[in-house]
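S.K.: Chain order of the listed sequences is A and B. Numbers in this note's numbering are just positions in the first sequence, counted from 1, shifted up by 126. Numbers in this note's numbering are just positions in the second sequence, counted from 1, shifted up by 2.
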Amino acid sequence: MMNVRLKEKIAFFFLFLCTLFIIVPVGMIVVLIIKKGLPALTWQFLTDVPRQGMRAGGIFPAIVGTVYLVTGAVVCALPIGLAAAIYLSEYAKDTLLNRIIKLAIVNLAGVPSVVYGLFGLALFVVWCRFGASILSGSLTLGIMILPIIITASREALEAVPHSFREVSLSLGASKWQTIRHIVLPNAIPGIITGVILGIGRAAGETAPILFTVAAFYLPKLPQSIFDQAMALPYHLYVISTQVPNVDEKIRYGTALVLLSLVLCVNLIAIVIRYRFRKQKKW
Amino acid sequence: MDKIQVKNLNLWYGNFQALKNVSATFAEKKITAIIGPSGCGKSTFLRVLNRMNDLIEGVKTSGQVFIDGENILSQDVDLIALRKKVGMVFQRPNPFPLSVYENIAFGIKIHGLKYTKDTLDAIVENSLREVLLWDDLKDKLHRSALSLSLEQKQRLCIARLLAVKSDVVLMDEPCSALDPQATQRIEELMRELKKHYTIIIVTHNMQQAARVSDDTGFMLLGEMIEFADTHSIFTAPKDRRTEEYITGRYG
Numbered sequence: 127m128m129n130v131r132l133k134e135k136i137a138f139f140f141l142f143l144c145t146l147f148i149i150v151p152v153g154m155i156v157v158l159i160i161k162k163g164l165p166a167l168t169w170q171f172l173t174d175v176p177r178q179g180m181r182a183g184g185i186f187p188a189i190v191g192t193v194y195l196v197t198g199a200v201v202c203a204l205p206i207g208l209a210a211a212i213y214l215s216e217y218a219k220d221t222l223l224n225r226i227i228k229l230a231i232v233n234l235a236g237v238p239s240v241v242y243g244l245f246g247l248a249l250f251v252v253w254c255r256f257g258a259s260i261l262s263g264s265l266t267l268g269i270m271i272l273p274i275i276i277t278a279s280r281e282a283l284e285a286v287p288h289s290f291r292e293v294s295l296s297l298g299a300s301k302w303q304t305i306r307h308i309v310l311p312n313a314i315p316g317i318i319t320g321v322i323l324g325i326g327r328a329a330g331e332t333a334p335i336l337f338t339v340a341a342f343y344l345p346k347l348p349q350s351i352f353d354q355a356m357a358l359p360y361h362l363y364v365i366s367t368q369v370p371n372v373d374e375k376i377r378y379g380t381a382l383v384l385l386s387l388v389l390c391v392n393l394i395a396i397v398i399r400y401r402f403r404k405q406k407k408w
Numbered sequence: 003m004d005k006i007q008v009k010n011l012n013l014w015y016g017n018f019q020a021l022k023n024v025s026a027t028f029a030e031k032k033i034t035a036i037i038g039p040s041g042c043g044k045s046t047f048l049r050v051l052n053r054m055n056d057l058i059e060g061v062k063t064s065g066q067v068f069i070d071g072e073n074i075l076s077q078d079v080d081l082i083a084l085r086k087k088v089g090m091v092f093q094r095p096n097p098f099p100l101s102v103y104e105n106i107a108f109g110i111k112i113h114g115l116k117y118t119k120d121t122l123d124a125i126v127e128n129s130l131r132e133v134l135l136w137d138d139l140k141d142k143l144h145r146s147a148l149s150l151s152l153e154q155k156q157r158l159c160i161a162r163l164l165a166v167k168s169d170v171v172l173m174d175e176p177c178s179a180l181d182p183q184a185t186q187r188i189e190e191l192m193r194e195l196k197k198h199y200t201i202i203i204v205t206h207n208m209q210q211a212a213r214v215s216d217d218t219g220f221m222l223l224g225e226m227i228e229f230a231d232t233h234s235i236f237t238a239p240k241d242r243r244t245e246e247y248i249t250g251r252y253g
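Structure representation (structure tokens):
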């Protein structure tokens with residue numbers, strides 16, 4: 127019979143090895159992209175339009191396009207998502223309809239992103255006649271991040287202690303006053319975390335913007351929400367597969383900018399959550 | 003004078019009957035204690051008086067509860083006005099995670115009363131004076147209420163009620179989180195407050211009931227077994243079960 131302590135050591139080692147393995151791909155991705163992309167990062171690369179058939183120049187229109195799209199997506203998704211989260215956590219009783227709504231949110235989160243792209247094409251581009259535009263792309267991305275915002279906001283609202291609600295009501299506040307003055311202010315950090323996770327997701331997705339907004343090559347900046355725009359993930363796809371002979375460092379430079387943008391936003395989420403936990407005393 | 007009259011009150015949580023045919027009368031500007039073992043329905047009873055049980059799904063009541071002559075169990079009663087008049091102090095001190103000042107100002111702001119900065123300052127000061135916190139906290143009004151001691155928090159919660167001009171104060175085991183010295187000081191405060199307020203306190207601490215209350219009700223398994231002035235309950239209980247409880251044979 128094998129020694130119990132030896133088994134313990136083997137189990138520990140095996141589990142530790144698997145855990146360690148997780149950081150290997152993350153580390154490799156970051157190192158590879160920084161190593162190959164850093165030489166491309168110049169002021170001109172960040173602020174100039176693409177030139178010579180995207181083989182030179184910069185990626186400024188794609189950065190601006192991504193910023194517009196992400197802002198648009200949050201503007202669309204936050205009010206609806208927050209309102210839905212407040213309804214679900216504060217007002218909804220356990221009825222069949224509400225259970226169906228919760229199931230729909232879970233399923234919405236599981237829909238593949240390319241399906242969102244096709245859906246956006248059919249609904250916003252064609253049926254609503256918005257055309258391929260920032261508006262269509264923002265709405266599509268907005269629907270995609272809706273479940274993230276709803277789930278995070280609901281968790282944040284439900285984490286506010288029940289006793290706060292009880293006291294507020296016992297002082298004669300209405301339910302809405304209680305939500306407005308007591309529950310929401312205490313849930314804001316959690317809601318912000320949800321928004322930022324949504325931003326990270328919206329910034330990085332290619333498929334939903336593929337048919338709804340993304341321009342192959344558009345050297346000028348969009349003038350209105352009905353214009354097409356370039357976007358970082360799609361630009362990366364284009365220069366990697368559709369345009370021959372693009373210098374490798376431009377491709378990796380673009381990837382590096384996209385990755386930094388998403389990581390930065392995630393870092394902000396982590397900092398906010400950390401500060402929130404430190405403050406929380408109840 | 004009678005402030006509150008309860009007549010044949012029954013309450014069910016789903017199929018479980020938590021209050022059985024409870025009747026009682028609460029005198030104005032006196033302290034009434036409700037005693038009884040855990041689960042006897044005394045907190046449930048207290049929460050009927052400001053309709054806090056409405057927050058729980060599946061609660062049904064029958065009977066009548068008159069406060070200042072108005073039946074508060076009727077469908078069309080204004081819950082906001084009722085809860086403004088009948089305030090509640092909870093077992094765990096539960097100030098909002100706001101400043102001391104904001105905690106007290108909360109009630110005035112939500113009730114949409116007209117105020118200027120000066121009148122609000124005056125209300126905050128008066129409320130804190132009434133609970134004897136003013137001298138301790140006058141320089142710390144903008145500190146977080148969560149940084150106070152447990153006793154100060156509980157006093158602040160009482161002050162928060164007084165600011166909305168409650169005239170009935172319900173206290174649900176208000177001292178069970180406090181040490182004996184703090185408990186004693188809160189009891190002194192209660193004696194002070196009864197000059198202006200009608201106080202009903204739920205407690206499982208019989209000594210506390212004997213020390214502070216004018217009247218006492220003893221509850222067991224959802225029934226009001228005996229209700230009389232505190233002196234007679236503790237010296238000459240009429241019911242055998244009351245006697246067994248106060249002499250510590252169960253509970």
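Beta carbons are placed, not taken as given, at the ideal position from N, Cα and C, and that holds for glycine. Quantities reported herein were computed from a predicted structural model and do not represent experimental measurements.
(1) Are B:Phe229 and B:Ala26 closer than 8 Å when you measure CB to CB?
(2) Could you tell me whether the Cβ atoms of A:Leu267 and A:Ala333 are closer together than 8 Å?
(3) So for B:Glu190, helix, strand or coil by DSSP?
(4) Rank B:Glu189, B:Val170, B:Asp169 by C-alpha distance to the C-alpha of B:Ser178 and give the top, closest one.
(5) Looking only at C-alpha atoms, which of A:Pro187, A:Leu310, A:Pro273 sits nearest to A:Ile231?
(6) Rounded to whole angstroms, what's the CA-CA distance from B:Val79 to B:Glu104? Just pull it up for me.
(7) According to DSSP, which residues form a beta bridge with A:Arg177?
(8) Check each candidate in A:Leu389, A:Ile351, A:Gly316, A:Gly320 and name the one with the smallest Cα separation from A:Arg401.
(9) CB-CB under 6 Å to B:Ser64, same chain, minus the five flanking residues each way: which ones, in chain order?
(10) Have a look at the DSSP bridge pairing and note the partners of B:Val91.
(11) Using a Cβ cut-off of 9 Å, which residues of the stretch 281 to 309 of chain A contact any Cβ in chain B, in chain order?
(12) Closest to B:Ser101 by CA distance: which of B:Leu148, B:Lys111, B:Leu115, B:Ile110 is it?
(13) Quick check on B:Asn52: buried or exposed, where buried means 16 or more other Cβ atoms within 10 Å of its Cβ?
(14) Which chain B residues are close to A:Met312, counting only those with a beta carbon under 7 Å from its beta carbon?
(15) Tell whether a beta-carbon distance below 8 Å holds between B:Ile125 and B:Ile110.
(16) Over what stretch of residues does the alpha helix (DSSP H) that includes B:Asn12 continue unbroken?
(17) Counting along the chain, where does the alpha helix (DSSP H) carrying A:Asn233 start and finish?
(18) To the nearest angstrom, report how far apart A:Ile212 and B:Ala238 are at their CA atoms.
(19) Buried or exposed for A:Leu283, please, with buried defined as at least 16 other CB atoms from any protein chain shown within 10 angstroms of its CB.
(20) Could you tell me which of A:Trp302, A:Ala182, A:Val237, A:Ala357 sits nearest to A:Ile376, measuring between CA atoms?
(21) To which residues does DSSP link B:Gly219 through a beta bridge?
(22) Compute the beta-carbon to beta-carbon distance between A:Val196 and A:Ile325, rounded to the nearest angstrom, for a pair I have assumed lies under 8 Å.
(23) Identify the contact partners of B:Val166 in chain A, using a Cβ-Cβ distance below 9 Å as the criterion.
(24) Pull the bridge partners of B:Phe18 from the DSSP assignment, please.
(25) Taking Cβ positions only, does B:His265 come closer than 8 Å to chain A?
(26) Exposed or buried, which one is B:Gly16 when buried takes at least 16 other CB atoms within 10 Å?
(27) Taking Cβ-Cβ distances shorter than 9 Å, what residues in chain A pair up with B:Gly109?
(28) For A:Ile271 versus A:Thr319, is the C-beta spacing smaller than 8 Å?
(29) Determine which residues share a DSSP beta bridge with A:Ile269 and list them.
(30) Does the stretch 228 to 248 of chain A touch the stretch 299 to 309 of chain A, meaning 3 or more C-beta pairs lie closer than 8 Å?
(31) Is DSSP giving B:Glu59 helix, strand or coil here?
(32) Give the residues of chain A in contact with B:Arg85, contact being defined as C-beta atoms less than 9 Å apart.
(33) Is it right to say B:Ile2 is buried, meaning 16 or more other beta carbons lie within 10 angstroms of its own, or is it exposed?
(34) For B:Ser168, does the three-state DSSP call read helix, strand or coil?
(35) Check each candidate in B:Ser234, B:Pro99, B:Val91 and name the one with the smallest Cα separation from B:His144.
(36) Find out if the Cβ-Cβ distance for the pair A:Tyr378, A:Ala166 is shorter than 8 Å.
M.R.: In brief:
(1) yes
(2) no
(3) helix
(4) B:Glu189
(5) A:Pro273
(6) 29 Å
(7) A:Ala182
(8) A:Gly316
(9) Asn12
(10) B:Met173
(11) Pro287, Ser289, Phe290, Arg291, Glu292, Val293, Ser294, Leu295, Ser296, Leu297, Gly298, Ala299, Ser300, Gln303, Thr304, His307, Ile308
(12) B:Leu148
(13) buried
(14) First, the amino acid is wrong: residue 312 of chain A is Asn here, not Met. The answer, in chain order, is Pro99.
(15) yes
(16) B:Asn12 -> not in any alpha helix (DSSP H); beta strand (DSSP E) instead, spanning 4 to 15.
(17) 222 to 236
(18) 55 Å
(19) buried
(20) A:Ala182
(21) B:Ile36, B:Phe229
(22) 5 Å
(23) Leu297, Gly298
(24) B:Tyr15
(25) Outside the displayed range of chain B (3 to 253) lies residue 265 of chain B, so it cannot be described from this structure.
(26) exposed
(27) Leu297, Gly298, Ala299
(28) no
(29) Paired residue(s): none; A:Ile269 is not in a bridge.
(30) no
(31) coil
(32) Leu295, Ser296, Leu297, Gly298, Ala299
(33) In the structure displayed, chain B extends from 3 to 253; residue 2 of chain B sits before or after that span and is not available.
(34) coil
(35) B:Pro99
(36) yes
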